[in-house]
Amino acid sequence: MSALLEVNNVSIDFTTESGAVHAVREANIKLFEGEVLGVVGESGSGKTQLMLGILKLLPDNATTTGKVFYSDKDLLTLNKLDINRIRSNEIAMIFQDPMSSLNPYLKVSRQLTETLILNQKIDKQAALKQAIEILEKVRIPDAARRVHDYPYQFSGGMRQRIMIAMALLRKPKILIADEPTTALDVTVQAEILALLKSLRDEFALSIIFITHDMSIVAGQCDRVVVMYAGQPVEMASLDELFYAPKHPYTQGLLAAAKSQSGLTDKLVSIPGHPPVNTGIQSGCAFYPRCEQRLDVCRRVMPVMTGSNTQQQACHLYD
Amino acid sequence: MRIGMAEVKSLSPGKQIWIRLKANRAAVTSMGLIALLILMVLFAPWLSPFNGEDIDYEAIAAEPSLTSGHLFGTDSLGRDLFVRTMEGSRISLAIGLVATLVSLIIGINYGAIAGYFGGRVDAVMMRIVDILYAMPFMFFVILLMVFFGRNIFLIFFAIGAINWLDIARIVRGQTLAIKQQSYVEAARIYGASHWHIIQRHIVPNLLGIVVVYITLTIPQVILVESFLSFLGLGIQEPMTSLGALVSEGANEMESYSWTLIFPAVFLSIILFCFNFIGDGLRDALDPKQVK
Amino acid sequence: MTENNLAIEVNDVSVSFRHSSRSLMSFKKNSFDALSNISINIQAGTRLGIVGESGSGKTTLAKTILGLHEPSTGMVNFYHGVQQNKDIQFIFQDPLAALNPRMTVEQLITEPLDYLEVKSDHATRTGKLKTIMEQVGLDYSQRQRYAHEFSGGQCQRIGIARAMITEPKILICDEPVSALDVSVRAQIISLLKEFQQRLDLTLIFIAHDLSLVRYISDELIVLYQGKLMEMGPSEEIFSHARHPYTQALISAEPRPDPETERQRHYAEYGEIETADTKLDGCVYAGRCTFAQSRCHTEAPKLQQVGESVQVACFFPLEAVTSV
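Order-wise, the sequence lines are chains A, B and C.
Heads up, the first sequence is in this note's numbering, so the first residue is 5 and it goes up one at a time.
Heads up, the second sequence is in this note's numbering, so the first residue is 10 and it goes up one at a time.
Heads up, the third sequence is in this note's numbering, so the first residue is 1185 and it goes up one at a time.
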């Protein structure tokens, strides 16, 4: 089966006043139709930059190399007009902080209908009707009345729903969700996650779910990519990843996550911390923290190897 | 809210700003020019055999020429214009710096106190500022000059005492923002007194914006002094400032244009340079420029 | 619970904030009740967990104990030789924001020493700095660096060093690991536990969910919209949550296990309503799946259930297997 979205050897570098920062290094990721792909990583993993890079949303001091294939086109080569058309219409993105996507000075109705009127060339009444419909789909109570409210009049969870509604307005094929529930209370999070699940079926979405939280991955994703220091280090189906993780980082992350969820007696962590500064390294970036490291790990950077369904970048499996 | 990838630096905040500033060509050129100017102004008069007071009876209102030694020519009284321009620049710069310093000291303290304590204190203090803003500056300066004479120190003080209003407002605004930061709260929790907090946490984090303000205030102050001189209220003879020179030169503009051109050029250069430096600093300090 | 070990007594404390102008959201009152009638006894040397979602008042409670807020009614009393303005320290949720960007690590950590009654000389200060940096796992040679050069976890260590250098008796931690990477959280929690054990600190740990709190609390209180819902030994509450809200918090949390998640039934938890729309009845009644008519008209008071748990609910839950 061919992939809906294929990230091919993408690297992203930033030029800053203190030298180059390698945010993402040779990432290869595929998203298949109808699946939810989890992209897991902590700070410095490059997961957010990679997603922004796909949609060419990075600042000017970023250089992106590689190819991103979608619908027989390389997104990275598209001009401004074409990539704009792809954004929102075909690939939509929602973020952690809904307030940054919502204009506090405009009513929700205006923000929802604006894009419809511009893109679909329908009149105000029809656009408003669609807006109310989509708000009902994301379970905003009393949508017909509340569509005329301002963003600040909604709670955090509801604003996130509105953002989801805005993303789905144009019925995109792919939704990229960047930590959509991190800032929410746990009870509200549970509802948003449930909502995303039902919307996925209803809108036939393929979703890329970026998160640092393994518990969310366990409930939402079909396949998972684990990133560390700018590189994918493991890629597997959900069960393979959770029940038979191969990369030491994945194993450590899972152990930490499980212990923090009260599933074990003791709290565990991985010694050290994720790299603060991704300069050029030889060898594996996880080497300093790895308890199963070999000598070769210090000198040679591992590449992804494995089967079609489970791959890892680790010398233990070479 | 995640702690994202920290910057790839092992530099203090000051050094970061310096690097960014250096990348701005206009600012760097301006800094160079000002440095050059300051050197010239301090040392050049020794290069010239003339001083600014002696009258050269053989060269009254003479054109600039290399042979006569009057590089910039002389004015209508026969005084060497080069030396006078240097002296004038020196005085203008001095006034700029000192008056700005005065307004800084008053303004930072006033603004930080108003912003930090907030509430009624803030309201009263800022209303006073509003009232003072509304008052005609020239009127007061003229009053001061009339009562106390045209003393150079009085001019320093008068100009400084007016400019502090702007700085106070800016500092107050910044203080309000800084006050909300967690590290200020932390300081309160571990027992820092109000004064300690203002001194150690608020003011150092203000300095960035204050420095920008200084570089933009200096030209303002120089211009004010020039204006006063132009009106005949500024520096007393035999001391001179660029403003006074321009004023004199303007009178002679049609016949002895060099008496206007040289001081005017120097004045313009100083004003431009400080403005460019100020702009450069403002850009360098803008945190949004950082990835 | 023996009374003679009491360190902090929160006595019927309510905290209201007045809006300085008419708020567009609350049309009825012009004040906002952040906390209502909170009474807690905190024993010296215990570890107390305060759990609540946004709007629960947990941070307000912490700041009231610290003395940063004045209670509108009731008061906070200190015993056991504890002085409010000297013996309590605080760890912030955002480690980097809590550190002055223009100060070096050395300046940051040693600053509290300047405000002690007994000033230390340079040698003592250096000694204390060295010791505390070692204890929190920071490299002494890094003391001239600036906060932004460190990772989140290291910044939090700096914050802990700063808090502990004056040897406080009580340490309040406001979600100290929420902003940190998962792989690093346990390190910080262990560090806090170490300090608590070594110095017999009274530790107050604020969290927005129940996951981590069980590792670092002996006693637990659950807040909702400024009111106490449930209070008692944490083991007891985790094994048998009696308040429907506590139960909701426990069940709403996802687990890092696909099998468990596949079998999850998504319950309706409802949106958090703003406090001022509810005047009568239980504050949680609007979202509670077990609410009955009495819940909407009468506000339940804390009642003792079981050996040592108190619940504010007319119909506390029977034993449910909590995960």
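By construction, the Cβ of each residue, glycine as well, lies at the ideal position given by its N, Cα and C atoms.
Cβ-based burial, residue i [other Cβ within 10 Å; buried from 16]
i: Q208 of chain B; result: exposed
i: L102 of chain B; result: buried
i: F301 of chain B; result: This structure cannot speak to residue 301 of chain B, because chain B is shown only from 10 to 300.
i: V274 of chain B; result: exposed
i: T109 of chain B; result: buried
i: M97 of chain A; result: buried
i: N172 of chain B; result: buried
i: F1201 of chain C; result: exposed
i: D127 of chain A; result: exposed
i: G41 of chain B; result: exposed
i: F165 of chain B; result: buried
i: L251 of chain B; result: buried
i: S1240 of chain C; result: buried
Simplified DSSP state of residue i, which is helix, strand or coil
i: R96 of chain A; result: Per the sequence shown, the amino acid found at residue 96 of chain A is Ala instead of Arg. In the structure shown, A96 of chain A sits in a strand (DSSP, three-state: E or B).
i: N172 of chain B; result: helix
i: T1481 of chain C; result: helix
i: V192 of chain A; result: helix
i: K262 of chain A; result: helix
i: P1417 of chain C; result: strand
i: M305 of chain A; result: coil
i: L75 of chain B; result: coil
i: H26 of chain A; result: strand
i: D1305 of chain C; result: coil
i: V107 of chain B; result: helix
i: N284 of chain B; result: helix
i: A350 of chain A; result: Nothing about residue 350 of chain A can be reported from this structure: the residues present for chain A run from 5 to 322 only.
i: R1206 of chain C; result: For R1206 of chain C, the pLDDT reaches just 47, beneath the cut-off of 50, and the residue's location in the model is therefore unreliable, although a value from the coordinates is still provided. Three-state DSSP puts R1206 of chain C in coil, outside helix and strand.
i: I1354 of chain C; result: strand
i: L320 of chain A; result: helix
i: L1190 of chain C; result: strand
i: N231 of chain A; result: Asn is not the amino acid found at residue 231 of chain A; the sequence shown has Met there. Strand, per DSSP.
i: G57 of chain A; result: helix
Per-residue contacts from residue i into chain C (C-beta, under 8 Å)
i: N303 of chain B; result: As shown, chain B starts at 10 and ends at 300. That puts residue 303 of chain B outside it, with no answer to give.
i: I198 of chain B; result: L1250, L1252, I1272, Q1273 and F1274
i: M218 of chain A; result: V1366 and P1440
i: S263 of chain A; result: A1370
i: A260 of chain A; result: V1366, S1367, R1369 and A1370
i: P155 of chain A; result: Simply none; closest approach about 12 Å.
i: F246 of chain A; result: P1440, D1441 and P1442
Chain B contact residues for residue i, given Cβ-Cβ distances below 7 Å
i: L1371 of chain C; result: The sequence as given places Gln at residue 1371 of chain C; Leu does not occur at that position. Ordered by position in chain B, no residue passes the 7 Å Cβ test against Q1371 of chain C, which lies about 14 Å from the chain.
Proximal residues of chain C, C-beta to C-beta of residue i below 7 Å
i: G223 of chain A; result: P1438, E1445 and R1448
i: D243 of chain A; result: P1442
i: E46 of chain A; result: D1365, V1366 and S1367
i: G266 of chain A; result: S1395 and R1398
Residue i: contacting residues in chain A (beta-carbon distance under 9 Å)
i: S1374 of chain C; result: L271 and S273
Contacts of residue i in chain B (Cβ-Cβ under 8 Å)
i: N1269 of chain C; result: G200
Under 9 Å from the C-beta of residue i: neighbouring residues of chain B
i: A1281 of chain C; result: Q190, S191 and Y192
i: T1350 of chain C; result: Y199 and G200
So, does the stretch 156 to 169 of chain A touch the stretch 136 to 144 of chain A, judging by three or more C-beta pairs under 8 Å?
Short answer: they touch.
According to a CB-to-CB cut-off of less than 9 Å, which residues of the stretch 1324 to 1337 of chain C neighbour chain A?
Against chain A - using a Cβ distance shorter than 9 Å - the residues of the stretch 1324 to 1337 of chain C are E1333, F1334, S1335, G1336 and G1337.
Give me the subset of the stretch 164 to 198 of chain A whose CB atoms are less than 8 Å from a CB atom of chain C, sorted by chain position.
Flagged, chain order: D189, V190, T191, V192, Q193, A194, E195, L197 and A198.
Are three or more beta carbon pairs between the stretch 1307 to 1314 of chain C and the stretch 1263 to 1279 of chain C nearer than 8 Å?
Using a Cβ-Cβ distance cut-off of 8 Å, the stretch 1307 to 1314 of chain C and the stretch 1263 to 1279 of chain C are not in contact, since fewer than three pairs of beta carbons, one from each stretch, lie closer than that value.
Three or more C-beta pairs closer than 8 Å, one from the stretch 193 to 200 of chain B and one from the stretch 132 to 142 of chain B: is that the case here?
The stretch 193 to 200 of chain B vs the stretch 132 to 142 of chain B: no contact.
Quick check: the stretch 53 to 66 of chain B against the stretch 209 to 224 of chain B, are there 3 or more CB pairs under 8 Å?
The stretch 53 to 66 of chain B, when compared against the stretch 209 to 224 of chain B, does not touch it at the 8 Å Cβ threshold.
Is it true that the stretch 1409 to 1428 of chain C meets the stretch 1376 to 1385 of chain C, where meeting means three or more beta-carbon pairs spaced less than 8 Å apart?
The stretch 1409 to 1428 of chain C makes no contact with the stretch 1376 to 1385 of chain C: fewer than 3 CB pairs, one atom from each, lie closer than 8 Å.
Indicate whether the contact test is met: 3 or more Cβ pairs, each with one atom in the stretch 70 to 83 of chain A and one in the stretch 242 to 255 of chain A, closer than 8 Å.
Cβ pair count under 8 Å is below three, so no.
Closer than 7 Å between beta carbons: that is the criterion. Which residues of the stretch 1222 to 1240 of chain C meet it against chain A?
So the list reads E1237 and S1238, given in the order they occur along the chain.
Within 8 Å, do at least three Cβ pairs link the stretch 1234 to 1246 of chain C to the stretch 1287 to 1305 of chain C?
Fewer than three beta-carbon pairs drawn from the stretch 1287 to 1305 of chain C and the stretch 1234 to 1246 of chain C are found closer than 8 Å, and the two stretches are therefore not classed as touching.
Contacting positions in the stretch 1389 to 1403 of chain C - beta carbon closer than 9 Å to chain A:
Cβ contacts with chain A: H1392, D1393, L1394, S1395, L1396, R1398, Y1399 and I1400.
Just by C-beta distance, which residues in the stretch 1421 to 1436 of chain C are closer than 7 Å to chain A?
Of all residues in the stretch 1421 to 1436 of chain C, only A1432, L1433 and A1436 place a beta-carbon less than 7 Å from a beta-carbon of chain A.
Residues of the stretch 177 to 203 of chain B with a CB closer than 9 Å to any CB of chain C: list them in chain order, please.
Listed by position along the chain: Q190, S191, Y192, V193, E194, A195, A196, R197, I198, Y199, G200, A201 and S202.
Should the stretch 1343 to 1360 of chain C be called in touch with the stretch 251 to 267 of chain A, which here means at least 3 C-beta pairs below 8 Å?
With a cut-off of 8 Å, the stretch 251 to 267 of chain A and the stretch 1343 to 1360 of chain C do not count as touching, because too few Cβ pairs lie within range.
Residues from the stretch 79 to 90 of chain B in contact with chain C, defined by Cβ distance under 9 Å:
Listed in sequence order: no entries.
Would you call the stretch 302 to 318 of chain A and the stretch 221 to 241 of chain A in contact, with 3 or more CB pairs under 8 Å?
Yes: at least three Cβ pairs fall under 8 Å.
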